[in-house]
Every structure is written in C-alpha cells, then in structure tokens.
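Chains as they are written, first to last, in the working numbering: chain A, 1 to 211; chain B, 1 to 211.
Written out below as structure tokens is the structure these notes cover.
Shown next as structure tokens:
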C-alpha cells in the first residue's frame, strides 16, 4: 500500500534522492547513508529518514540504505515504472530543447506529438515527429492517448489552450507560460517560470547592492 | 526606503503581477483591480493588497491600481531598472534556447559569455557570442563583470563549477543541474529542475490511476 497523500515538497525530495541513487548505482556503490543523501538534497539526515520511513524499511544497520532496492521502490512510488505520453504545445526553441532532452525519455516521458499555431512550422519535422496545427489539439490528445501536456507558449493563449486540453481529457500539465493557469479539481499543473526565477535573483542582487 | 527582507514567495508574486501590468499597459489600460491581479496570479485580492501595501499606495479609490505607476515601482523593487551580465555554463540545447529567449534580454538579463568543456563546441559562435572553454571560467567572470551565472550542466560537475564561480565573485546562480548546490552565505541560488517537475506529475498520475 502506498500512502495516499504525500506533500509536494516530499515528492520533490524523493525525485532528488532517486537521481543520486542512480548515480551511486552507476558508480557500483551498494549502500548510501542518510547523511550523504541529505547533503546532496540540501536537507537533514533526519528528514531523509523521515521521508523514506513512509515507504518501508530500506536501512541496513550501520551500513545505510540499499541503493538498488531503494531505487526500485522510489521509481515505483514516483510512478516511473511505466511510460507517459507527452504532447508539447508550442514549437519554439525551448520546446525544441525539451524534445531533445535525453533525461525525459530516459525517465519514461515520451514526446508523441508537437503542435504549433504557426503555419510555417506545421508540417515540418522534429526528428520523427511532424509538427501539427493547434486546431487539431483535441484530435491529437485522443489519437495519441496523451497523458501529460507541456505548455511552452506565450502567456496570452495559455489559458484557452489548457481549457481545451482539459476538456479533451489531459489531467497533467507542465506549464512554461508565464501565467497562473486555472484548472478544475483533479487536474495537476506544475509551473516552470524562467523569468520569475531570474527576477528573484535580480531582486536579491538589487537589495544586496543597496544594503 | 525599501523593506529589507521580503519572502521569496512574495517576490515571485510581484514578478507575476508585473508581467500582467505590462500586458495591461500594452492593451492601453490605465488601471487594474486587485481582483484581476489576484485571478491572474492565482491568489486572493486580499493577498494582492497586502503584497502591494508594502511599497506605498498605488490604489485609486474605486478605480484600482495605476498600471503605469505600479509597473515602474515593481520594476524598481525587483531590481529591473538596470542590466545584468549573465554567463551561461554549459552550451547544450537548453542553453541555446535560453540564449535565444527574448524575455531574458527584454528584462535586462544580457548573456555576455558562454562556456563549455567540449573541445568541439569551444570556438564556435552562438550569434555574437563565441563559446569559450570552461578552463577560462574565472578569467571570463572578471573580464565580463559577470553577475549572474546560469548553470546548464549535468549533475556531476555542477558543485565544482559553482565553487569556482563563487570564488571568482559570482553571487547569483540559476541552476538547471539536477543537484542541490551548496554555497556560502551571501550567494543566492534558484533551482529549475525540469525532471523533478515532471516526476511530481508522474507521481500525481500514478496515484490517481491506483486510487
């Protein structure tokens, strides 16, 4: 049995632990301490032990965690045991980088379609994927059994597009558009806002300079 | 006088408000209500009023906020009144997308140098920027008066690179490497971890499916 509700912040730490476990495994290491995981994830070893205790016992007394067993369990918890079919909405440069990003495919996120509204882009190929028109959005969601949409558009069209995606059955959205999307309950949206991240840095720099 | 310490979450909302104010200004609108800002930022109008009350009075009774005046003040608060010199570490596809991302330059973030460790990339041009070797990191930071570094590398070399950047005088880092960086006090790091965002979605999908 999996615990029903894990806080978003815990899920994030689990994803980071998993990344380290995979590195350790590649290096041929069998065990890892909670201290090492804590250091890499920027948290405390008490937090690591608490996070992992939810999911059963992986510790070997005096040796730390079993790298292989814990990795399998974390992949299972994070839902990484299977592939997810991903639609990219907006065929700009950032989308191009995402399509090529090996990390996505390695973790089971498979880009199955790309749409854009620019007639010059529609019909051109990105690797094996031919860019389709945004008018076909609903049809593509059904045809490709899309589960996750990645929105890489300007702010303005984003809400209208996410409404159409949700209507067509998509329940998970990774949003790069600089706008807070409104979705019904049961739909998950994660936001990546590069400009906002940079502005929190400029804020920090500006206030250090004036301090 | 600016308040000394604003919570990171508040700074993020200010950055989002600013984006909307700029849209409203482009549309020729003079005022905006706290309700409209709240809706776009995914928060409450009480929160908007609280956030903005820190910085003086921008409300016109019964009319809402003055779009132009509030925009100027938010740009000032966010440190966007000047340009920031940005170094990109790691010349992969994602870095390429960042260099071309118009939003960065429009908000004053100017990419002044790109470094990579791949000899095949060093010496090639990205627009007006010639990619340099990572061995020159410290020299470039000084020569280009770099203020912000964007780290777009695999996890493994990231900590070593950030140590060198900090040593050379960089105090603000936007980190795309899937690793928690350790930096001394006075250095700000913001993390953008695309794979972790996707995994929080796969977690949500997996647990909906099994529920």
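Ideal placement from N, C-alpha and C gives every residue a C-beta, glycine not left out.
Since we're looking at a predicted model, the values are computed, not measured.
Q: Give the straight-line distance between the Cα atoms of residue 92 of chain B and residue 93 of chain A, rounded to the nearest whole angstrom.
A: Each residue's CA atom was taken as its position, placing residue 92 of chain B and residue 93 of chain A some 12 Å apart.
**Q.** Proximity winner among B/22, B/96, B/104, relative to residue 126 of chain B (alpha-carbon distances)
**A.** Scanning B/22, B/96, B/104 for the CA closest to the CA of residue 126 of chain B turns up B/96.
Q.
Taking 6 Å as the limit between beta carbons, can you name the residues of its chain near residue 147 of chain B, skipping five residues before and five after?
A. Apart from the 5 residues on each side of it in sequence, residue 147 of chain B sits with its Cβ closer than 6 Å to the Cβ of 84, 85 in its chain, given in chain order.
Q) How close, in whole Å, do the beta carbons of residue 13 of chain A and residue 46 of chain A come, if the pair is a contact with beta carbons under 8 Å? A) Under the criterion of beta carbons closer than 8 Å, residue 13 of chain A and residue 46 of chain A do not qualify as touching, at roughly 13 Å.
Q) By how many angstroms is the C-alpha of residue 48 of chain A removed from the C-alpha of residue 124 of chain A? A) A direct Cα-to-Cα measurement between residue 124 of chain A and residue 48 of chain A gives close to 47 Å.
Q.
Check whether the stretch 62 to 82 of chain A and the stretch 17 to 32 of chain A touch, using three or more Cβ-Cβ pairs below 8 Å as the test.
A. Yes, they touch.
Q.
Among A/145, A/80, A/18, whose alpha-carbon lies nearest the alpha-carbon of residue 105 of chain A?
A. Among A/145, A/80, A/18, the Cα nearest to that of residue 105 of chain A belongs to A/80.
Q: Note down the Cα distance separating residue 99 of chain A from residue 15 of chain A, rounded to an integer number of angstroms.
A: Rounded to whole angstroms, residue 99 of chain A to residue 15 of chain A spans 21 Å at the Cα level.
Q) Would residue 201 of chain A count as contacting chain B if we go by Cβ distances under 7 Å? A) Interface residue, yes.
Q | chain A contacts made by the stretch 71 to 98 of chain B, where a contact means CB separation under 9 Å | A | For the stretch 71 to 98 of chain B, which is checked against every Cβ of chain A, the residues closer than 9 Å are 76, 77, 78, 79, 80, 81, 82, 84, 86, 92, 93, 94, 95, 96, 97, 98.
Q) Residues of chain B with a CB under 7 Å from the CB of residue 42 of chain A: which are they? A) Chain B residues near residue 42 of chain A: 180.
**Q.** Coarse secondary structure for residue 54 of chain B, derived from DSSP in three states
**A.** Residue state, collapsed to three classes: coil.
Q: Pick helix, strand or coil for residue 14 of chain A, following the three-state DSSP scheme.
A: Residue state, collapsed to three classes: helix.
**Q.** When B/200, B/184, B/191 are compared against residue 189 of chain A, the one with the closest alpha-carbon
**A.** Closest option to residue 189 of chain A, Cα to Cα, is B/200.
**Q.** Backbone secondary structure at residue 204 of chain B - three-state DSSP
**A.** Here residue 204 of chain B sits in helix by DSSP.
Q | Length of the line joining the Cα atoms of residue 144 of chain A and residue 112 of chain A | A | Their backbone Cα atoms lie some 7 Å apart in a straight line.
**Q.** Exposure of residue 37 of chain B, with buried meaning 16 or more beta-carbon neighbours within 10 Å
**A.** Residue 37 of chain B counts as buried, since no fewer than 16 other beta carbons sit within 10 angstroms of its beta carbon.
**Q.** Beta carbon proximity, residue 198 of chain B to chain A, threshold 7 Å
**A.** At a cut-off of 7 Å between beta-carbon atoms, residue 198 of chain B makes contact with chain A.
Q) Are the C-beta of residue 163 of chain B and some C-beta of chain A separated by less than 7 Å? A) At least 7 Å separates the CB of residue 163 of chain B from every CB of chain A.
Q. Any idea if residue 206 of chain A is buried or exposed, counting beta-carbon neighbours within 10 angstroms, 16 or more meaning buried?
A. So residue 206 of chain A counts as buried.
Q: Output, in chain order, the set of chain B residues within a Cβ distance shorter than 9 Å of residue 104 of chain A.
A: Among the residues of chain B, those whose CB is under 9 Å from the CB of residue 104 of chain A are 194, 195, 198, following chain order.
**Q.** Inter-residue spacing [alpha-carbon to alpha-carbon] between residue 208 of chain A and residue 89 of chain B
**A.** Taking the straight line from one Cα to the other gives about 24 Å.
Q) Between which two residues does the beta strand (DSSP E) containing residue 151 of chain A stretch? A) Residue 151 of chain A -> beta strand (DSSP E) spans 148 to 151.
Q: Indicate whether at least one CB of chain B lies closer than 7 Å to the CB of residue 168 of chain A.
A: So no, residue 168 of chain A is outside the interface.
Q: Sort out for me which residues DSSP pairs residue 213 of chain A with in a bridge.
A: Only positions 1 to 211 of chain A appear in this structure, which leaves residue 213 of chain A out of reach.
Q | Nonlocal neighbours in the same chain, by C-beta distance under 7 Å from residue 155 of chain A, ignoring five residues either side | A | 177, 178, 179, listed in sequence order.
Q: Under 6 Å Cβ to Cβ from residue 174 of chain A, same chain only, skipping five residues before and after it: list those, please.
A: Excluding the 5 residues flanking it on each side, residue 174 of chain A has same chain C-beta neighbours closer than 6 Å at 150, 190, in chain order.
Q. Residues in its own chain within less than 6 Å of residue 117 of chain B by CB, not counting five upstream and five downstream?
A. Result list for residue 117 of chain B: 134, in chain order.
Q.
Residues of chain B with CB closer than 8 Å to the CB of residue 101 of chain A, please, in chain order.
A. Simply 93, 94, 194.
Q. Is any beta-carbon of chain A found at less than 7 Å from that of residue 190 of chain B?
A. When Cβ-Cβ separations below 7 Å define contact, residue 190 of chain B makes contact with chain A.
Q. Would residue 131 of chain B pass as a contact of residue 121 of chain B if the rule is Cβ separation under 7 Å?
A. Yes, the Cβ-Cβ distance between residue 131 of chain B and residue 121 of chain B is below 7 Å.
(Q) Pull the bridge partners of residue 109 of chain B from the DSSP assignment, please. (A) B/84, per the DSSP bridge assignment.
Q) When DSSP builds the beta bridges, which residues end up paired with residue 66 of chain B? A) In the DSSP output, where bridge partners are listed per residue, residue 66 of chain B has B/31.
Q) Does the distance from the CB of residue 215 of chain A to the CB of residue 203 of chain B come in under 7 Å? A) An answer regarding residue 215 of chain A cannot be provided, because it is not within the stretch 1 to 211 covered by chain A.
Q.
For a cutoff of 7 Å on Cβ pairs, would you count residue 204 of chain B as touching chain A?
A. Yes, its Cβ sits closer than 7 Å to a Cβ of chain A.
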